[in-house]
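Under UniProt numbering, the first residue of the sequence shown carries the number 1, and numbering increases by one thereafter.
Only one structure is covered here, and it is reproduced in the block below.
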Amino acid sequence: MLDGWARRGIDPAIGRLALLVSRTGVSANAVTVIAFAVGMLAGAAIALEFYLAGLLLIGISRIGDGLDGAVARIRGKTDYGGYLDIVLDFFFYGAIPLGFAIADPAANAVAAALLIFSFYVNGASFLAFAILAERRGLATVARGEKSIFFTTGLAEATETIAVFVLACLFPGWFPALAVLFAAICFYTALSRIVLAGRRFG
Numbered sequence: 001m002l003d004g005w006a007r008r009g010i011d012p013a014i015g016r017l018a019l020l021v022s023r024t025g026v027s028a029n030a031v032t033v034i035a036f037a038v039g040m041l042a043g044a045a046i047a048l049e050f051y052l053a054g055l056l057l058i059g060i061s062r063i064g065d066g067l068d069g070a071v072a073r074i075r076g077k078t079d080y081g082g083y084l085d086i087v088l089d090f091f092f093y094g095a096i097p098l099g100f101a102i103a104d105p106a107a108n109a110v111a112a113a114l115l116i117f118s119f120y121v122n123g124a125s126f127l128a129f130a131i132l133a134e135r136r137g138l139a140t141v142a143r144g145e146k147s148i149f150f151t152t153g154l155a156e157a158t159e160t161i162a163v164f165v166l167a168c169l170f171p172g173w174f175p176a177l178a179v180l181f182a183a184i185c186f187y188t189a190l191s192r193i194v195l196a197g198r199r200f201g
């Protein structure tokens, strides 16, 4: 829901940074992999209860996640680059709740499992919609230039990162945040299913 607003705020700075990175010869795929590695370190830091370090690493990872697309637009986009970006994003989104589950299994494991399940459902609804949209030749720039068709929703990247940030700042809130955001993800998936019925039924 907030991705469009967030992109308007950060895209100019990301674009300038992308120009600098592209001049070094670093590829967009390399940026994607580095951002992924930093995201995995964030999950590990959270698992070890280094929550503020996890927060810092989440921030660096997500800057890289925005940077790879900007570098790709300068150096040339590839289908594999888009594929890699999406797959490694799903790794990241699962790693953070898993980190909280490991940090305090008694308090967090069930809520983390529910949140990861909701990501799975929401991701499936998103990717299946994108496949059918591609088959029908649909296009959108609602979230900028993307490798696949992006349907908007209540739970998008900005909201997910906001939940992760709050959880790192207030680790005791994780179970409540996870359950609440899981409900939002399920609602987003349901709304996308309804939209698919209207578009493709």
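Even for Gly, the Cβ is constructed at its ideal location relative to N, Cα and C.
Predicted model only: the values in this text are computed from it and were never measured.
A buried status is given to I46, since no fewer than 16 other beta-carbon atoms sit within 10 Å of its beta-carbon. Under the 8 Å Cβ criterion, the stretch 66-77 does not count as touching the stretch 98-112, having fewer than three qualifying pairs. G69 is classed as buried because its beta carbon has at least 16 other beta carbons within 10 Å across all chains shown. Contact between V163 and F181 holds, since their C-beta atoms are separated by about 5 Å, short of 8 Å. The stretch 86-95 and the stretch 31-43 touch, with no fewer than 3 CB-CB distances between them shorter than 8 Å.
Residues of the same chain with a CB within less than 6 Å of the CB of S118, apart from the 5 flanking positions on each side, are A182, C185 and F186 in chain order. With 16 or more other CB atoms across the displayed protein chains lying within 10 angstroms of its CB, V71 is buried.
Nearest C-alpha to G66 among L138, N122 and D11: D11.
For T188, the enclosing alpha helix (DSSP H) covers residues F174 to F200. Judged by beta-carbon spacing, P171 lies within the 8 Å limit of Y51, meaning their Cβ atoms are closer than that value. Rounded to whole angstroms, the gap between the alpha carbons of I131 and D85 is 16 Å. Just so you know, the alpha carbons of A53 and A42 end up roughly 7 Å apart. Annotation: the continuous alpha helix (DSSP H) that includes F126 extends over P105 to R135. Residue nearest to G15 within the set R192, G59, G64 and E156 is G64 (criterion: CA-CA distance).
If you look at F164, you'll find it in the alpha helix (DSSP H) that goes A157 to L169. Spanning the alpha carbons of F174 and L127 requires a straight line of approximately 27 Å. Where T24 is concerned, there is no enclosing alpha helix (DSSP H), because DSSP gives it neither an H nor an E. The three-state secondary structure of T32, taken from DSSP, is helix.
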